[in-house]
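Undergrad:
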Amino acid sequence: MEAHRVRVFRVEGLDCADCALKVEKALSGVPGVVQAQVSFASGKAYLHLEVPGAEKEAERVVSALGYRLKPEGDTTRGVLGPWRWALASGGLLLAAFLASLFLPGLAPWGYRLAALVGVFPLARRAVAAFRQNPFSMQSLVTLATLGALAIGAEAEAAVVVFLFLVGEVLEAYSVAQARRSLYALSELLPRRAYRLKEGGVEEVPLKALRVGDLVRVPPGERVPADGVVVSGQASVEEAAFTGEPLPRPKGIGDRVYGGSLVQEGSLVVKVERLPEEGFLAEMERLAEGALLKKSQAERVVDAFSRRYTPAVLALAGFVGLVLPLFRGDFLGHVYKALGLLLIACPCALVVSVPAAIAAGVARGARAGVLFKSGAALERLAGVRYVALDKTGTLTLGKPTLVRVVTFGVSTEEALALAKGVAEGSSHPLARAVREASGPKALPSEEHRAVPGLGAFARVEGKEVGLVRPEAWDLPPEVEAQVKALTEEGFSLSLLVREGVPLALLAFQDTPRLEAREVLAELRRLGLKPLLLTGDRETSALALGTAIGLFPEEIRAGLSPVDKLRLVEELAGRGGVAMVGDGVNDAPALARATVGLAVAEGTEAALQSADVGLLSLAALPRAFRLSRLTLGVVRQNVAFAVGLKGLFLLTTLMGYTGLWTAVLADSGALVLVTANSLRLLRRRV
């Protein structure tokens, strides 16, 4: 069965969450569209198409609603929102005001004209979208304006429409600024690249680059595409990816991201991924995907808003139609009811949560924290425990030869023999032997590996092996050394020649430099760290002590099933964040309250996790950002509900009128958007 094509479009004019819902409902009904998802935060529509050409009908349907569907990348510059209608309505309003001073008889007609001109685009959009949402803000403003004209409040009707149009222009501007901030990462890529060719260097646009091209990156320039360094040394700033402010040294064989800045030195980089397919593009796609998945707070607010609007509309009907029967003053009560109509739109409330979540996801991407959903960002703020894997998470996952204990030979001779055997083995311990400093490997031949035992080769005409000590018959003095080194937490390999032990090689997985500080920061945040590992207890205790863990915070000798069971227990005791990098961590990552995977880990771990970390140092940032975002969500909801409630009360009491009700909606929306954007500038 052929998979559905997914096309991404930008929706121009999408300046409120209510608009996004209307467009999504309309697109879902287009023949040939299997699924439609519209994100207000990103301003994009994702169409799953099964019929070629369905996008044409989709464009027509969206256009009928008063919006424009444009292919991704096709953007329109200039002033956003209904600014032309706002200008026309404002000009007529000013003319009517001047007429009231010099020609009072013409002023009411001027106000009526200003109101009708301003309300025309709103009424057109309200009619087009009536089937999808009969209670849209455009419908409510149109009804309130026509009602005000009907009761003789021409001047106020004109002011209401003008303020609403100005509010829509400001909303469109603030929303556009937010979206540009969300996807500013793509602007890190340079516009040109210096490609090496025979005879020199040519300057080419990024689109001309191909996989395998060699590009030179001079100091002060940004790397044009993801690749590997083939020549040169430089200090490279990767703060946009890892959140680390200090530059990192890069040399031959190191990988670099497109968009990273070469501060000192110069590099020649071999392109491995095209700019539009590189890590920056992955981060942007991940952020977009996160915005399409609603958090729990977002779902609660949506459910509340669906009940809020009908309730306030019912109250408006009661005030305008029922109360006059008992208290008289029909026009006065109708005026209050019209004000309540404007307060009935929940747009600012609906936007309050996704605006904050979107800003949090974008800020995380710049801090080396890649959230896969808004729900993960929200849940992380509530966990109590942090369970961490050992190998590859708290350590580099790369054993290093740290000690050589010899029996009757020199250390140099033992290392030369061991390196000769190691040249024919791919085992991680053999690689550590090859990379150890010291003498060169002796010539070797006839390499072979014996599963469960070790690696062998002929060196200087004799059989030499690197074997597991526990699988060999050991003399008492060697056995005593094995026991002592094992208790210190080392991994061991025994060097033998013609069956005779020559040396014990002790290896240790190096802790990450930032591990101790990360654990200390987690404790300052009130979290309880736990080390979960399948290694022996002695090895786990040695590492834990080195990085500042207490013995009671270490769980050693765990199988993947044991890890899963422990994570399930912690999840029920206040929530747990699991941090891992290997295939064996995947079940625990999936079961945890929030799973976090180090980006250097396996694909299985990254797929199972809710959050990707570009470095272990990004872990505390993830918790701080989650808490900050949840705080902004609460502030936004308080602003939106508080303003609506305040003006609802003052309107019922007769202290405020129609124009202040408009400010309650437009002002609240601009306020929650601006408050959310603070997250983009917060230091985490």
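Going by my numbering, 219 is the number at position 239 of the sequence shown; the sequence numbering is gapless.
Backbone N, C-alpha and C fix where the C-beta goes; we use that ideal spot for every residue, glycine too.
#1: Thinking just about the alpha-carbon of each residue, which of PRO170, SER332, ARG287 and GLY127 is nearest to the one in GLY300?
#2: Any beta carbon of chain B sitting closer than 8 Å to that of PRO540?
#3: In the segment 572 to 633, which residue ranges form an unbroken beta strand (DSSP E) of at least 3 residues, counting only runs that do not cross its ends?
#4: If you reduce the DSSP assignment to three classes, tell me which class SER211 lands in.
#5: How is LEU505 classed by DSSP in three states: helix, strand or coil?
#6: For GLU35, which residues of its own chain have a beta-carbon under 8 Å away from its beta-carbon, when the five flanking residues on both sides are left out?
#7: What residue does the beta strand (DSSP E) around LYS36 start on, and which one ends it?
#8: Alpha carbon to alpha carbon, how far is VAL382 from LEU485?
#9: Quick check on GLU497: does DSSP put it in helix, strand or coil?
#10: Determine the burial state of PRO481: buried for a count of at least 16 other Cβ atoms within 10 Å of its Cβ, exposed for fewer.
#11: On the criterion of 16 or more Cβ atoms from any shown chain inside 10 Å, does LYS442 qualify as buried, or is it exposed?
#12: Beta-carbon within less than 6 Å of SER606's beta-carbon, same chain only, minus the 5 sequence neighbours each way: which residues are those?
#13: Can you list, in chain order, the residues of its chain whose CB lies under 6 Å from that of GLN118, leaving out five sequence neighbours each side?
#14: TYR315: which of ASP234, GLU134 and PRO198 sits nearest, CA to CA?
#15: Please state whether DSSP places PRO199 in a helix, a strand or coil.
#16: Kindly indicate which three-state DSSP category LYS420 falls into: helix, strand or coil?
#17: Could you pull out every residue in the same chain whose Cβ sits closer than 6 Å to the Cβ of ARG477, ignoring the five residues on either side in sequence?
#18: Would you grab the beta carbon distance between VAL366 and LEU507 for me? Rounded to a whole angstrom, and I think it's under 8 Å.
#19: Between which two residues does the alpha helix (DSSP H) harbouring GLU392 extend?
#20: CA-CA distance, VAL413 and GLU403?
#21: Considering Cα atoms alone, identify which of ALA173, VAL447 and LEU368 is closest to VAL578.
#22: Within the segment 337 to 369, note down every full alpha helix (DSSP H) run reaching 4 residues or more, in order along the chain.
#23: Anyone know if the C-beta pair for ILE323 and PHE603 falls short of 8 Å?
#24: To the nearest angstrom, how far is the alpha carbon of GLY12 from that of LYS24?
#25: So, is PRO255 buried or exposed, given that buried needs 16 or more other C-beta atoms within 10 angstroms?
#26: Do you know offhand how far GLY179's Cα is from PRO204's?
#27: Suppose the cutoff is 6 Å on Cβ atoms and the five residues either side in sequence are ignored; what does the same chain contact list for LEU241 look like?
#28: Give me the residue from ALA570, VAL140 and GLY233 with the minimum Cα distance to VAL541.
#29: Can you tell me the Cα-Cα spacing of ARG175 and ALA355, whole angstroms?
#30: Keeping to the same chain, check which residues put their C-beta closer than 7 Å to that of GLY58; ignore five residues upstream and five downstream.
#31: For the beta strand (DSSP E) that ALA557 lies in, which residues bound it at each end?
#32: Leaving out five residues before and five after VAL612 in sequence, what residues of the same chain have Cβ atoms less than 8 Å from its Cβ?
#33: To the nearest angstrom, how far is it from the Cα of VAL384 to the Cα of ARG448?
#34: The beta strand (DSSP E) with SER406 in it runs from where to where?
#35: By the three-class DSSP mapping on this structure, what secondary structure does TYR47 have?
#36: Quick one: give me the first and last residue of the beta strand (DSSP E) that PRO379 is part of.
TA: In this structure, then:
#1: In the sequence shown, counting from the first residue as 1, residue 300 sits at position 320. Closest by alpha carbon: GLY127.
#2: Annotation note: the requested chain B is absent from the structure, which comprises a single protein chain.
#3: Every beta strand (DSSP E) of 3 residues or more that sits fully in the segment 572 to 633 is shown, in chain order, as 574 to 578 and 591 to 593.
#4: The residue given as residue 211 occupies position 231 in the sequence shown. Reduced to three states, the DSSP call for SER211 is strand.
#5: Residue mapping note: residue 505 aligns to position 525 of the sequence shown, counting from 1. Coil.
#6: The residue labelled residue 35 in the question sits at position 55 within the sequence shown. These residues qualify, in order along the chain: ARG(-13), PHE(-11), LEU27, LEU29 and LEU49.
#7: Reading the sequence shown from its first residue, position 56 is the one you call residue 36. Note, LYS36: premise wrong, no beta strand (DSSP E); alpha helix (DSSP H) at 34 to 44.
#8: Locating residue 382 in the sequence shown gives position 402, where the first residue counts as 1. Locating residue 485 in the sequence shown gives position 505, where the first residue counts as 1. Cα to Cα, the separation comes out at about 8 Å.
#9: Here residue 497 refers to the residue found at position 517 when the sequence shown is read from its first residue. In the structure shown, GLU497 adopts helical secondary structure according to DSSP, grouped into three states.
#10: Taking the sequence shown and counting its residues from 1, one reaches residue 481 at position 501. It counts as buried.
#11: Here residue 442 refers to the residue found at position 462 when the sequence shown is read from its first residue. Exposed, because fewer than 16 other Cβ atoms sit within 10 Å of the Cβ of LYS442.
#12: For this step, residue 606 is matched to residue 626 along the sequence shown. In its chain, beyond the 5 residues on either side, LEU357, LEU360 and ALA361 have a beta carbon closer than 6 Å to the beta carbon of SER606.
#13: Position 138 of the sequence shown holds residue 118. Result list for GLN118: LEU102, ARG105 and ALA106, in chain order.
#14: Here residue 315 corresponds to residue number 335 of the sequence shown, with the count starting at 1. A check of alpha carbon separations from TYR315 across ASP234, GLU134 and PRO198 identifies GLU134 as the nearest.
#15: Counted from its first residue, the sequence shown places residue 199 at position 219. Correct three-state label for PRO199: coil.
#16: Sequence index remark: in the sequence shown, residue 420 carries index 440 (1-based). It is coil, neither helix nor strand.
#17: Within the sequence shown, the letter at position 497 stands for residue 477. Excluding sequence neighbours, ARG477 sits near LYS442 and VAL444.
#18: As a first step, residue 366 is located in the sequence shown; it is residue number 386 there, counting from the start. As a first step, residue 507 is located in the sequence shown; it is residue number 527 there, counting from the start. A Cβ-Cβ separation of about 5 Å places VAL366 in contact with LEU507 under the 8 Å criterion.
#19: Within the sequence shown, the letter at position 412 stands for residue 392. According to the DSSP assignment, GLU392 belongs to the alpha helix (DSSP H) that extends over 391 to 402.
#20: Residue 413 sits at position 433 when you count from the first residue of the sequence shown. Residue 403 sits at position 423 when you count from the first residue of the sequence shown. Straight-line Cα distance between these residues: approximately 9 Å.
#21: Here residue 578 is taken as the residue at index 598 of the sequence shown, counted from 1. It is LEU368 whose Cα lies nearest to the Cα of VAL578.
#22: Listed in chain order, they are 354 to 360.
#23: The residue labelled residue 323 in the question sits at position 343 within the sequence shown. The residue labelled residue 603 in the question sits at position 623 within the sequence shown. Not a contact, by the Cβ cut-off of 8 Å.
#24: Taking the sequence shown and counting its residues from 1, one reaches residue 12 at position 32. Taking the sequence shown and counting its residues from 1, one reaches residue 24 at position 44. The straight-line gap separating the alpha-carbon atoms of GLY12 and LYS24 is approximately 19 Å.
#25: By 1-based counting over the sequence shown, the position of residue 255 is 275. Classification of PRO255: buried, given that the 10 Å Cβ count is 16 or more.
#26: Counting from 1 along the sequence shown, the entry for residue 179 is found at position 199. Counting from 1 along the sequence shown, the entry for residue 204 is found at position 224. So the alpha carbons of these two residues sit roughly 21 Å apart.
#27: Your numbering for residue 241 matches position 261 in the sequence shown. Its chain contains ARG202 and GLU217 as the residues whose beta carbon lies nearer than 6 Å to that of LEU241, once the 5 sequence neighbours on both sides are disregarded; these appear in chain order.
#28: In the sequence shown, residue 541 corresponds to position 561, counting from 1. Ranked by Cα distance from VAL541, the first of ALA570, VAL140 and GLY233 is ALA570.
#29: What you label residue 175 is simply residue 195 of the sequence shown in a count that begins at 1. What you label residue 355 is simply residue 375 of the sequence shown in a count that begins at 1. Cα to Cα, ARG175 sits roughly 43 Å from ALA355.
#30: The residue given as residue 58 occupies position 78 in the sequence shown. Because the pLDDT at GLY58 is just 48, under 50, the model does not fix this residue reliably, and the point stays unresolved.
#31: Sequence index remark: in the sequence shown, residue 557 carries index 577 (1-based). Judged by DSSP secondary structure, ALA557 falls within the beta strand (DSSP E) whose first and last residues are 556 to 560.
#32: Reading the sequence shown from its first residue, position 632 is the one you call residue 612. Cβ within range, chain order: ALA336, ALA339, GLY340, ASN655, SER656, ARG658 and LEU659.
#33: Indexing the sequence shown from 1 puts residue 384 at position 404. Indexing the sequence shown from 1 puts residue 448 at position 468. Whole-angstrom Cα-Cα distance: 15 Å.
#34: Against the sequence shown, residue 406 aligns to sequence position 426. Taken as a continuous stretch (DSSP letters only), SER406 belongs to no beta strand (DSSP E), as it is neither H nor E.
#35: Translated into positions along the sequence shown, residue 47 becomes position 67. Of the three classes helix, strand and coil, the one that applies to TYR47 here is coil, per DSSP.
#36: Taking the first residue of the sequence shown as 1, we reach residue 379 at position 399. It spans 375 to 386 - the beta strand (DSSP E) in which PRO379 sits, taken as one unbroken run.
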